[in-house]
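Going by the numbering used here, the first residue of the sequence shown is number 5, and it counts up by one from there.
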Amino acid sequence: MPNESGAAILTVFSKLIDQIKSTRPVRTDGKSLTTGFVYSQMVLGRMVDPGDYTNPWSPMGGSTLQDTVKSMPTSPASAGNSAPTPDPKFKKAIQAAFKTAELVDNMIMVTKDSSFLEYPTQRRISLNYEGIISSMQPTPIPPISPEIQKQIDDSKKVLYEFDDEDNIVGKSKLYKTYVKNSQAFAKVKKDYADAQAAALADPIKADSWPQTSVFYQQQVDEAWDTFKTEGAEKIERALDIIESVGVSMQDHLIAKSRKLYDAWNLGLAGVPIAMPYSYIEPTRWYDLEDDDEGWQRLTTTSNEYNSHTASQDETNFKNHWESHSSSSGGGGAIGFAFVFVAADGGTSFASSSASSSGSSSSGYQFHNDAKNLTIELEYGMCTIHRPWLLGDLFYMKNWYSVNNLKNSISDGSIDNQANSDKTQLPMIPTQFLVIRNVKIRTTEWGQDSQTFKAMHSDYRSEDQSESDYISAGGGFSLGFITVGGHGSHSSNDSSGDSSGSTSHSGSSDYGWRFMDDTLEVRGAQIIAWLSEIVPACAPLDDPGL
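In structure tokens:
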């Protein structure tokens, strides 16, 4: 690694991906509870303006979208007209819901090297899903023998809860406990491994590890005992029965999926085209000051990145990033370092590629000669909920997609679908990784200290903000961490509801500053997506082909 900033950011990436992948739930036999997941690391972080997503409209608030529109008050100027004037608060709430649905509706290509790739022409999850449920056709199901049917019914009672019409309404309490215990067991195993690695890296701790390891081993044993004794065998036996025998519910679920999609296909766009409603948890994922939603802190020091051994994921991503920046920027690739990515404050670079040039037309230049850096940041996983999407459909047997062959939707694998557009819906993004409040500090910035001070002073005068944080001027990056580059956000927006209100300005929400030998990036940004591979389907060829 030619510079310490590059080594530091690659170590941050490695620690983040390790934290995320190690928390995936598994069965007691070590098998994953999912069909496979893909981590897609963005080359540059996507800056988040809280004003785009604050307080989105939600039907769970107690009213339908139509009721909300009808209840909008009429302004005095329009009192004599039949059409009411919408309250700005409601307009902003619906706009935030629209932007949220747009954010999570883009399909991402399957890759094997942790890189983020979108399709050459934009593809929508909602449109492909709508086409799938419209083309699903179940085959005639022969009667199931009484013995097998009893096994299926008994297994379903173990796994699910039902309403008065025998419709599945969710997992049973025992099943939820099983998933919770699986996640807890995975965590304590990771804690043991982390503690062991830390002890072996420290001669003093290593000497006492045989004694201190007893504590961590006891946690692993207790988590295993809890996992195994609180119904694991009963749940796994029920899962095995249903997976091996199959359940005759194709007709019901296909009809229900179409009804569900129509119910959640709402008028969010402001034009006569419906858009499926989606939402994100935690609710205030965009708020850089909210500390009540489980945000985690991560710190990387010079001792860690100097002794760090690159993982395969890290190597793959480094190659992808350098290749991407080289092909996009022109000139020799600079690799992971501070680089300019936007020439002026009017250019948004959330989806652009990093330039490989070390200098800019403005006369600023990065030398990347800093030493002994410490990088601190907060991160959190945000979960995407699509109430209109019924994932149970993809696990059903005995159906086909009209005018399509077997496995035309997904073949259930990562390898065969990587960098391919041959399947209709190979994977669905289910989470995204957000970082915020990044701080990079050292007392040995080298020549870049003057560069940062000059940029901060010049761009602060352009931003015309009373805050120390600026959002105008040219943007730059350190690896996937985006710094600045957005145009000035001159207006201060406020919104309120019965529970309180929020206000923000562009400078304070996604600005940056360089003070007291610390480079601070205040805003939140999306840096990666996690997607679940769709199980192999359709299970049959269309018999008419």
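Where is the CB? At the ideal position from N, CA and C, for every residue including glycine.
Under the DSSP definition of a beta bridge, V343 partners with S481.
The alpha carbon of W289 has as its nearest neighbour, out of A12, G527, K322, P144, the alpha carbon of G527. The shortest CA-to-CA distance from V438 to any of F342, T15, G49, T32 is the one to G49.
Taking a 10 Å sphere around the C-beta of Q316, we find fewer than 16 other C-beta atoms and assign the residue as exposed.
DSSP places S9 in no beta strand (DSSP E) but in the uninterrupted alpha helix (DSSP H) bounded by 8 to 25.
The C-beta distance from E524 to F41 rounds to 33 Å, too long to fall under 8 Å, and the pair is not in contact. When DSSP states are grouped into helix, strand and coil, Q451 belongs to the coil group.
Looking at the DSSP output, Q141 shares a beta bridge with Y404.
DSSP, read as helix, strand or coil, puts F102 in helix.
In this structure, DSSP gives E169 a state outside helix and strand, which the three-state scheme calls coil. For F41, the uninterrupted beta strand (DSSP E) run begins and ends at 41 to 51, by DSSP. For L257, the closest C-alpha among the options F398, Q421, P63 is that of F398. If you draw a 10 Å sphere on the C-beta of D295, you find fewer than 16 other C-beta atoms in it, and that means exposed.
For K426, the secondary structure class from DSSP, reduced to helix, strand or coil, is coil. L394 has no beta-bridge partner at all, per DSSP. For A259, there is no enclosing beta strand (DSSP E); the residue is part of the alpha helix (DSSP H) that begins and ends at 254 to 268. Inter-residue distance for D206 and Y43 is about 32 Å (C-alpha atoms, whole angstroms). If you look at E380, you'll find it in the beta strand (DSSP E) that goes 378 to 389. Bounds of the beta strand (DSSP E) holding Q300 are 300 to 304. Per DSSP, the unbroken alpha helix (DSSP H) holding Q155 starts and ends at 150 to 163.
One alpha carbon belongs to N269, the other to R301, and they sit about 38 Å apart. The stretch 199 to 246 contains, as complete alpha helix (DSSP H) runs of 4+ residues, the segments 207 to 231 (chain order). One thing to note: P142 has its Cβ within 8 Å of the Cβ of D255. Residue nearest to P539 within the set G548, Y463, N420, N441 is N420 (criterion: CA-CA distance). Taking a contact as a CB-CB distance under 8 Å, the pair A236 and T32 counts as one, their CB atoms being some 5 Å apart. In the structure shown, the three-state DSSP call for I531 is strand. Judged by their CB atoms, E165 and S176 are nearer to each other than the 8 Å cut-off. Residue burial is scored here from C-beta neighbours: V406 has fewer than 16 other C-beta atoms within 10 angstroms and is therefore classed as exposed.
Look at the beta carbons and you see the stretch 108 to 116 touching the stretch 424 to 439: at least three pairs across the two are nearer than 8 Å.
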